[in-house]
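Residue numbers (the numbering used here), protein chains in the order written: chain A, 244 to 697; chain B, 27 to 208; chain C, 12 to 969; chain D, 5 to 186.
To start, the structure itself, in structure tokens.
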Amino acid sequence: MSGAHVSKLRKPLVPEDKTYKEISHEILDTLEEKPSKSWLICFSISALVLTLGMLTIGYQIATGIGVWGLNKTIGWSWDITNFVFWVGIGHAGTLISAVLLIFRQHWRTAINRAAEAMTIFAVACAGLFPLIHAGRPWLLFWVFPYPNTRGDLWVNFRSPLLWDVFAISTYLTVSLVFWYMGLLPDLATVRDRTKSAFRKFVYGVLSFGWNGSNKTWHHFEVLCLVLAGLATPLVLSVHTIVSMDFATSVIPGWHTTIFPPYFVAGAIFSGFAMVLTLLIITRKVLNWENYITMGHIEAMCKVIVVTGMIVGLAYGTEFFIAWYSGNEYERYCFVNRATGPYWWAYWSMITCNVLSPQFFWSKKLRTNIPFVFVISIVVNIGMWFERFVIITTSLHRDFLPSSWAMYSPTWVEVVTFIGTFGLFFTLFFLFIRVLPGIAVAEVKSVYRFARENK
Amino acid sequence: MKKFVGALVALLVLSGMGAYVIVQARSLGSNQGYAPDQPVAFSHKKHAGELEMDCQYCHFGADKGRHAGVPPTELCLNCHSKVKTNSPEIRKLQNAVDSGENIQWVKVNHFPDFAYFNHAQHVNVAGFDCQKCHGPVEEMEIYEQHESLNMGWCISCHRDNQIAPPEDHKSAAGGDCAKCHY
Amino acid sequence: MSDLTNNDSCGTSCGCADSTPQTYWQDVENKVLDPAVLKAEFPEGEYEAMSSMKNRRSFLKIMGFSVSALPLTGCVKIPVKKALPYLNKQPDTIPGVANWYASTYKDMPILVKTREGRPIKVEGNALSQTTFGGANAQAQASVMSLYDSSRLREPKVASKSVEWEEFDSQLKQHLENSEGEVVLVTPAISSKSELAIIEKFSKKYQAKHIAYEPVSKSALYQANKITHGAYTGAEYNFENADVVVSLGADFLSTFGNGVANTKGYSKRRDAKTAKMSKHIQVEEVMSLTGSNADHRFTRSVADQHDILLGVLAGISSTTHNTKAENKDIVKIIVSELSKANGRSLVLAGENDVNVQVVVNKINTELGNYGRTISVRSTSFEKLENDNEFESFVNDLSEKTSTVIFVNTNPVYNYYNSEKLTAGLKKVKAVVSLTLSENETSNIAHYVAPINHTYESWSDTLVSKSELSITQPTIQPLYGTRMYVETLMSLMGDNTSFYDFMKSTYTGSTSWNKFLHDGVMQSASLSRVESPRSFNIANYIKNIDTKSSSNLTLSLYVKDGIGNGDFGDNPWIQEMPNPITKATWGNYFMVSPVWAKENSVKSGDILEAKIGGTTIKTVALVQPGTDKNTVGLAVGYGRTIAGKTAKGLGVNAYPFMSASNGSFTYNSSTIELKKTGKTGILAQTQTHHSMEGRDIVREATYEEYMQNPKAGNTKKAKLFHIYPEHKKDGHQWAMAINLSTCTGCSSCIVSCNAENNIPVVGKEEVNNRREMHWLRLDRYYKGDESNPEVVHMPMLCQHCDNAPCENVCPVMATLQSSDGLNQQVYNRCVGTRYCANNCPYKVRRFNWFNYDRGSETERMVLNPDISTRTRGIMEKCSMCIQRIQDGKLSAKRDRKPLKDGAIQTACQQSCPSDAIIFGDKNDPNSKISKYLAEERKYVVLEDLNVQPRVNYLTKIRNK
Amino acid sequence: MKKEFLIGVFDCDEKVLEATKKAVDKHFEIYDVYTPFPVHGLDSAMGIKRSFLPYVTFAAGAMGFLIAILFQIWTSAIDWPTIIGGKPFISFPAFVPITFEITVLLAAHTTVAAFLASNFLFPGKQAMILHPEQTCNKFIMAFDKTRINKEDVTNFLNNNGAISVEEKSADNNCFALIGKGE
């Protein structure tokens, strides 16, 4: 594998010359080694935060939703904000693996595994909120249409919340199998490399008896394509449906036909930002600079600029339509967002989402890793505010001024939200410890891209 | 071929298990057939069957109001102050009235309190026989819950008997949730 | 009672911080039932119903009953429940069927609904010719006070509990042996039989009977004595009044018989049915009555005096130099009054004899006596007399043998409490007959509980020509005794008051009819007094018209709480004040002008210096308050009271004073300063402007007369993209007349009582989580110092195209075939999506398991309605239980359902008949006629949610 | 059951691709080629037929679509029609999202199930490994010893870039891992 020829037009996706074996080793050795100190610290903090979050949720379920800061006017706030926030983050992974697969974007191979894992963990965090936001979560199984003793009382298929149930569960399970199918060859590699009998057994079970047979590879590639084909509309549908929670309602600020594309763009925006955040950490911690290259980071920055501008356009369009519609409630709602008691949330959103990505026009800035890291976090903060603005400021002043009210979160909501970060990072740190964090087989398959063998 | 047979068997076993779970789940919480021992060995068979007493002689609330009611102990003594006064079971009644310590009957038909049921609606207005819901009480030595009394059971009857009200009463509203739940 | 502990353990403690302890409540599907509900749900329970007057057994025995809910050992499939029949047949009681008894609450003839012997709901008695079926919020809430667990349960001598016999013998011995004066202090009494017993008692022990009311109308009675020769109140006939001028008199609520006044007043407020009256109000703080006025002027008390004298001068031969700023007001009033000679009514709220004499003079001059106002004397009343009470306090000495306080609490609500207490210390024995322990009973040697009204017999003069019976609807819950029977017993008379009272009504038919109807009309109960001559100049000269540049404290009476008697009633505490929308406590009501000058915001804690006293409480910036006036409600700041009232708010009574022989409520100078701290001002509404939205539609009377559609011309262009569902059979609808709705809030409490709506407490109201299904939106319009006010009852609109229904994932809310928006509590999982998507924000979520009080207190619950546990959405059901009951009754009688046979709780309680409910498919129904009205509109029509609740344009006679 | 194989070990994807093409030309019956990643063109070189999976996807998707739409219509309009928000019993627009989701759900999962079933992959299956690095960096061309001329093939492999040619016997008992093996 020595003496690779380097293309003049494109840079190879794996910049340094490696053997396939070296690739395997560099990526998979983490799984064999004892956990590093930094990993242990990160993991412990995450697990601690997760535990705190879970205890808080336990307290909330035992006592009642009243421990949150909601009221008769504002029935949703942090709970659904966090839900939409996490669902949004959960979009980039599938998008990277599915859409980019269909478009044959080979650079995706280095990041798709982690991004997909992130998707699943984010969707798990998201799914938590609809569960715990219910007044009687122990009865939530009623949302499934199963035969029952109540004269077969079914569910309301007209409810966007029910659409959510189907959309989120479909998305979660399809993402999960998609991700897991992709893992099979790599798990087999781990299984065959490891010396430990225990690992051999565990990865043996997990790898489904994969042996690299080309008959299987053939079906496998078709399967990936099919799943990618299904996941692409799916990923668009999920945030579309989430946006319909609001778009199909009558509340000014919610009742907006622009929501589906606006939400999807926002989701990609926030998802890519989160992928950036995570991968910047991971490539540093695991020394994967060779696989997750500056090219990847730049590409993602460009996606962020584009989606950020789409989101900005959506903000402008919303405002324009509210004025143009002549509907006094709509008009008031949007003026209230910008100038009402929650003006700071609105302007935080604008600053973080529309202004901050503009820095990425400059190549200097978008190749400055600490800067990119900061902006990626800023974008996520902005996207959280976007959902908060949509949900809370629309609700707090709707039609009848007599019911106008204010909202502020309690410690329970704050800790629960932080707790989901605990869940997310606990899962993520576990993932990079026990599963191949980069799709080894796929990296190998694109290793020769823009590089010719002698 | 073997694979197919195996898969088929597995499928059959799985669907069988599923069906079993569904059937079991559907009878969950139902108390059908519940026939507890009562503190007084009262026989509906004797009173309602052989003696052909009218149900509403004792359960006089059934025609008038929400509850059919367990009859006041004094009511039993209308007859039993003369009839079979020596029976130890009857003496329990007399003792109860004398001492003021009431007899604790065991409730058989249990309705959850989120479901409103009105006897008068069914007995007086719809004109149903008691047996329609309570089964052949006149044959029961020990009274038992004859029907499942779950919502599906209520609903099936409400569907079958879209009770035609007298001309002027309009909507029987037989299927509305708020017929029972409020 | 083993089952009770069982219940405790199954309950969940609630974390909402409030002074009231949180306890448990059963889940709607919890199989271990709470006994209070069990009693209702499964009335085979042995508790003995108070079904007839004759067959009453000790209710305490009921408390010993037992309904076991023990899980079967081993196979826990369903808990074993015991069904306990009545031991004895209970005539008139059919389990699950309500009995209604006529009774009286204060001056309101009422009907009490009992279920299995428990009073659970109060409604007005429609046979009354005084209140015509109206009942105010207090009457609605009174049933809650009955069960109050802070009620006193046994007599006490020197703080030690004793048996009744012991109490009687000790006190009797004291009365017989002790030398000196005996004084009996009661509230104002207008009961024939009670007064007869008191008279006997007075005779036997040479006792002096004084009537005392902390919120006194003594000056009015004195004025009537001067002008008509009778120490009595006046009766007003608002129905005959074309022009009503009120100077600070809150006649729709706290001045006189508010319900009777509202009934008459509202008959002239519906522009469709009668010539609309014109109402002019001049007042220093915004009152409920003022909020309904066609012309309202914010003026200080001194300015009101000025206006009063100006008006007198304008219509009579007296002269007065009216201040420049009041000239216009006087001009308007005089011109309106002179257009309506003999058909007008002038009232003043101030407890000042000079003012009241001048008012009487004005009414005389206008020829109103005999038409809109009458003074009738009767021997069947003993009214409060501030003078008498003043001299009683002054004369307290060692010479006084005994002071018996009957249901009065002057140690709390007399302005000079210290002097009174010091005086009482000299008295040999202080006796307090009281419902629950209070500040007065605390210093009394003998303390004995009295019955609640619903445990008592009485006959009350509710108007000068109508008697209303009070009959018990339950055995005394806590071993209490009617105070009259205590007096009888102290006289050695061991017969019952019931027998005595009955014996005064000769002829069994009249008694039975009285008992059945609850009311009895007779002109012979009183005599009409005609005006006498007097020298008006003597009174004019005593009226002070000098404006003060200092802040003046004006004490006012809050609707509901009244003089403080209702402090321990959680329903009343949580009822938002009709004007301020504040609950749970009192506050300094300051004008927006003053607030701006001193940069004070609502919720700031202010420190006030009044005389030598300093108090601190929150400020509420109230539009329509005079800039030199600070309003403060009486009735708060209790130090010895039940769990609800204790420590809530500040006591305003010490800032009363006495002058001209009567109590004065608005003379103290007050200095206010900011403390820099903020407090809780639990308001249910914090935004007061309609923001120019099309919510309440309005027109002036003039515009309406030209075009009945005036103000209601906007019509949204609606179209349906779907075919509509067929709407046959009964189709329920409601109409609310905004012209007659006064905002009195009786409907709110009635709805609470009918529908088991939980009380959430101050903190939770402040968190904007009150549970009221029906709320009254109050909006201000125009000038901040004197805004126009609208009241709008807002409840579930039962939309045909309900946005809430679409979004519920589990179909817990859907449309019924008769057009109601049903909420199925037991199906609800609590996503709150429906509440978010409700444009009217009328859905209420159970954030916690709310405290339903003690076991006895829970007996007030309506057994036909489930109590909702936490995590469940609830809302107005249009009183579905009443609809079901009405339909069932009609079906049982094999008769068509009559229009009006079904009344919702809010409709029934409305003293101004502003709410109409019925079948809109019935062309002859009242509701159909309302729906065909030109004034009819629906709120947020352009959303095309097709509400079933309609509103009629508010017409102002401007 | 043991099976005897002759394997050629390659260290480069291009070489194994070339060799495969030639082997097919020479009519050597290739048992399978094992590669650590999918080598582009290898499947067609081996003459593997186009995967049937897309047909499964389509069929399952169509099935999901039908099930979803019919179930929603049946529950909302036939089994228990309820008036919700004034909308018709069959509110087609409202049924679209769930119909789409169920279509995707069924299509995706059925395809995965078909993939696993057709390749006989399941959790705990014992992988048949002919060379320890076949999932890492070696490309293995395997021949069933019983169906080839050993010498010809060995020569062929040696001449076409194989770094070594080995004889392997492999246990293809797929259950060995979970302890049911011999």
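In this text, a Cβ means the ideal position worked out from N, Cα and C, and glycines have one as well.
Since we're looking at a predicted model, the values are computed, not measured.
Own chain, CB closer than 6 Å to residue i, minus 5 neighbours either side, in chain order
i, result
"residue 762 of chain C", "784, 785, 916 and 917"
"residue 666 of chain A", "293 and 368"
"residue 61 of chain C", "For residue 61 of chain C, the predicted structure reports a pLDDT of 30, less than 50, and the residue's modelled location is therefore unreliable. A value from the coordinates is still provided. Here the set comprises 67, 128, 485 and 486."
"residue 409 of chain C", "437"
Chain-ordered neighbours of residue i on chain B, where CB pairs are closer than 9 Å
i, result
"residue 831 of chain C", "202 and 204"
"residue 712 of chain C", "Simply none; closest approach about 39 Å."
Check whether residue i and residue j have beta carbons under 8 Å apart
i, j, result
"residue 125 of chain D", "residue 452 of chain A", "yes"
"residue 814 of chain C", "residue 386 of chain A", "no"
"residue 781 of chain C", "residue 834 of chain C", "no"
"residue 746 of chain C", "residue 547 of chain C", "no"
"residue 612 of chain A", "residue 523 of chain A", "yes"
"residue 648 of chain A", "residue 308 of chain A", "no"
"residue 73 of chain D", "residue 104 of chain D", "no"
"residue 562 of chain C", "residue 641 of chain C", "yes"
Same chain, Cβ closer than 7 Å to residue i, neighbours up to 5 away in sequence not counted
i, result
"residue 292 of chain C", "257, 300, 301, 304 and 307"
"residue 492 of chain A", "498"
Per-residue contacts from residue i into chain C (C-beta, under 8 Å)
i, result
"residue 481 of chain A", "Neighbours of residue 481 of chain A on chain C: none; closest Cβ ~17 Å, over 8 Å."
Cut-off 8 Å between Cβ atoms - residues of its own chain near residue i, not counting five sequence neighbours on either side
i, result
"residue 627 of chain C", "616, 617, 618, 619, 661 and 686"
"residue 337 of chain C", "310, 314, 317, 318 and 321"
"residue 208 of chain B", "142"
Amino acids of chain A, ordered along the chain, whose beta-carbon sits closer than 9 Å to that of residue i
i, result
"residue 70 of chain D", "Under the 9 Å cutoff, chain A gives no residues; its nearest Cβ is about 15 Å from residue 70 of chain D."
"residue 415 of chain C", "By Cβ distance, chain A contributes nothing, its closest Cβ being about 47 Å from residue 415 of chain C, past 9 Å."
Residue i: contacting residues in chain D (beta-carbon distance under 9 Å)
i, result
"residue 813 of chain C", "88, 89 and 90"
Chain A contact residues for residue i, given Cβ-Cβ distances below 7 Å
i, result
"residue 132 of chain D", "454"
"residue 182 of chain B", "394"
Contact list for residue i against chain A, beta-carbon separation under 8 Å
i, result
"residue 176 of chain B", "392 and 393"
"residue 96 of chain D", "Result: empty, since nearest Cβ-Cβ is about 11 Å, beyond 8 Å."
According to DSSP, residues forming a beta bridge with residue i
i, result
"residue 8 of chain D", "D:173"
"residue 230 of chain A", "Residue 230 of chain A is absent from the structure shown; chain A starts at 244 and stops at 697."
"residue 478 of chain C", "C:472 and C:531"
Practice task
May I have a chain-ordered list of the alpha helix (DSSP H) segments no shorter than 4 residues that lie completely inside the region 522-587 of chain C?
Solution key: 547-551 and 581-585
Exercise for the section: Could you tell me which uninterrupted alpha helix (DSSP H) segments, each at least 4 residues in length, are contained entirely in the region 928-958 of chain C, listed from first to last along the chain? Expected result: 937-942
Problem - beta strand (DSSP E) runs contained entirely in the region 396-429 of chain C, provided each spans 3 or more residues - result: 411-417
Problem - Ranges of the alpha helix (DSSP H) found wholly within the region 145-196 of chain B, counting only runs of at least 4 - result: 157-160 and 177-186
Handout entry: Length-filtered (4 minimum) alpha helix (DSSP H) runs lying within the region 649-679 of chain C
Key = none
Problem - Unbroken stretches of the alpha helix (DSSP H), 4 residues or longer, contained in the region 253-308 of chain A - result: 263-275 and 280-306
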